[in-house]
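> The following block contains the structure, expressed as structure tokens.
Protein chains: 2
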Amino acid sequence: MDRELLLLGLLRQSDMHGYRLNEFIERAMATCVDLKKPTAYFLLDKMVGQGWITQHEEREGNRPPRRVYRVTAEGEAQFQALLRANLAQYHAAKFTSDIGLAFADALAPAEALDLLRQRRAVILDALDETRAAPQHHGSLHWLIQHRLFHLETELRWLDQVIAQLQETTVPSTSTP
Amino acid sequence: MDRELLLLGLLRQSDMHGYRLNEFIERAMATCVDLKKPTAYFLLDKMVGQGWITQHEEREGNRPPRRVYRVTAEGEAQFQALLRANLAQYHAAKFTSDIGLAFADALAPAEALDLLRQRRAVILDALDETRAAPQHHGSLHWLIQHRLFHLETELRWLDQVIAQLQETTVPSTSTP
DNA sequence: TTTTCCATGTAACTCGTTACATGATTTC
DNA sequence: GAAATCATGTAACGAGTTACATGGAAAA
């Protein structure tokens, strides 16, 4: 239902056709949300069927006709309900990369450390990319802020893990 | 492939039948991983077909026969490959709850704050649950540690958001 | 003239879940 | 005698993705 909330929320701010919607999501929200074109078109159709939005065709010059969507009163009610549900809820993220960590002792410590440093570099890249992301108007900027906050935390966590693994590898200050 | 890695990793530590595997995952890893019974059975079958594991039937008394799985040499090689790939990679989590945040201004500030405090309570519950989770032997404890770290961070983040929303609602220290 | 942009979709497929099916055996 | 445990699965469904299809217009 979060995808419906997203589409309704965007359409509520201004009427749009599918192509614009997809474009916006791809450009401005790529780092945080991913909703592919076919999914969006499918969802829009579904929401028309449910009476949450209406569509009307527009044509500019002789470009392909656009289907512009507008949120109905019922859609607005749905939006409010979905929004309230979303704000009150929380689903903890699942870290599939941790299952590798759980079996890291199957590798030579040096190699495990090397691989984790590669992982670290990936996080750094993601951080750079997020920092370079376009500024967001209004409350949409929370998305970026949260992602930054999260990635920074993940980096600190990973550094902790790496430090601890190094400790178990080199037990004490060894001066031969 | 992370699920395959999980199953291989567990089977590598000791041969098991499907039921035991599911039991273990449900009990000991419930908070971090979720892999449902039919998925596990399906994956085990697939891995037998791929030659990563072998199965042999065992029966104890007149209980239903068990299919005990054992990792093959090829399975071990696969495990190592999957493990290396997993350790070197990183996929940032996606926060679907943030899309609610992005549209929070559609609600009266007081209500938004109230809902976010409900969300806060959910995180607190998750934290308590994770703290109460059984101790983990070996490197499996990373899973719990990471989850704790993450939830604590999420709490701090949310508090930041709530504080900022409160600020915009009550712009300054108003002494009438 | 070939590529990119505009604008919409369909079809097939993957992955995973829920709900259901089976049947004996131990515990309450 | 009922319910939970042991042990295995199948069938149907759902959500979402990839790859493909179409076709005109503008830009390179």
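These protein sequence lines map, in sequence, to chains P and V. 1194 is the number of the first residue of the first sequence in our numbering; add one for each residue after it. 1194 is the number of the first residue of the second sequence in our numbering; add one for each residue after it. For each residue, glycine too, the CB sits at the ideal point set by N, CA and C.
1. If we call anything under 9 Å between Cβ atoms a contact, is Thr1346(V) one with His1343(P)?
2. Rank Trp1245(V), Ala1221(V), His1249(V), Leu1214(V) by C-alpha distance to the C-alpha of Thr1232(V) and give the top, closest one.
3. With 9 Å as the threshold, decide whether the Cβ of Pro1210(P) is near any Cβ in chain V.
4. Return helix, strand or coil for Met1209(P), following the three-state DSSP convention.
5. Kindly list, in the order they appear in chain P, the residues whose Cβ is closer than 7 Å to that of Ala1281(V).
6. Based on the DSSP secondary-structure assignment, which residues constitute the bridge partners of Arg1263(P)?
7. Going by C-alpha distance, which of Leu1275(V), Thr1289(V), Asp1307(V), Arg1312(V) is nearest Ala1299(P)?
8. If we define contact as Cβ-Cβ less than 9 Å, is Phe1342(V) a contact residue for chain P?
9. Under 9 Å between beta-carbons, which chain P residues line up against Gly1202(V)? List them in chain order, please.
10. Give a yes or no on whether the minimum CB-CB distance between Val1264(P) and chain V is below 9 Å.
11. So is His1339(P) buried or exposed if we call it buried at 16+ other beta carbons inside 10 Å?
12. Straight-line CA distance for Asp1195(V) to Glu1250(V)?
13. Can you give me the start and stop residues for the alpha helix (DSSP H) that Gly1293(P) sits inside?
14. Go to Arg1340(P), then tell me how far its alpha helix (DSSP H) extends in each direction, as first and last residue.
15. Span of the alpha helix (DSSP H) holding Asp1307(P)?
16. Could you tell me whether any Cβ in chain P is nearer than 9 Å to the Cβ of Arg1220(V)?
17. Please check if any C-beta of chain P sits within less than 9 Å of the C-beta of Val1354(V).
18. According to the neighbour-count rule (16 or more other Cβ atoms, all chains shown, within 10 Å of its Cβ), is Asp1291(P) buried or exposed?
Reading off the structure:
1. yes
2. Leu1214(V)
3. Reading off the sequence, residue 1210(P) comes out as His, not Pro. It does not: the Cβ of His1210(P) has no partner Cβ on chain V nearer than 9 Å.
4. strand
5. Leu1308, Gln1311, Arg1312
6. Thr1247(P)
7. Leu1275(V)
8. yes
9. Ile1292, Gly1293, Ala1295, Phe1296, Ala1299
10. no
11. buried
12. 27 Å
13. 1290 to 1295
14. 1334 to 1362
15. 1302 to 1325
16. no
17. yes
18. buried
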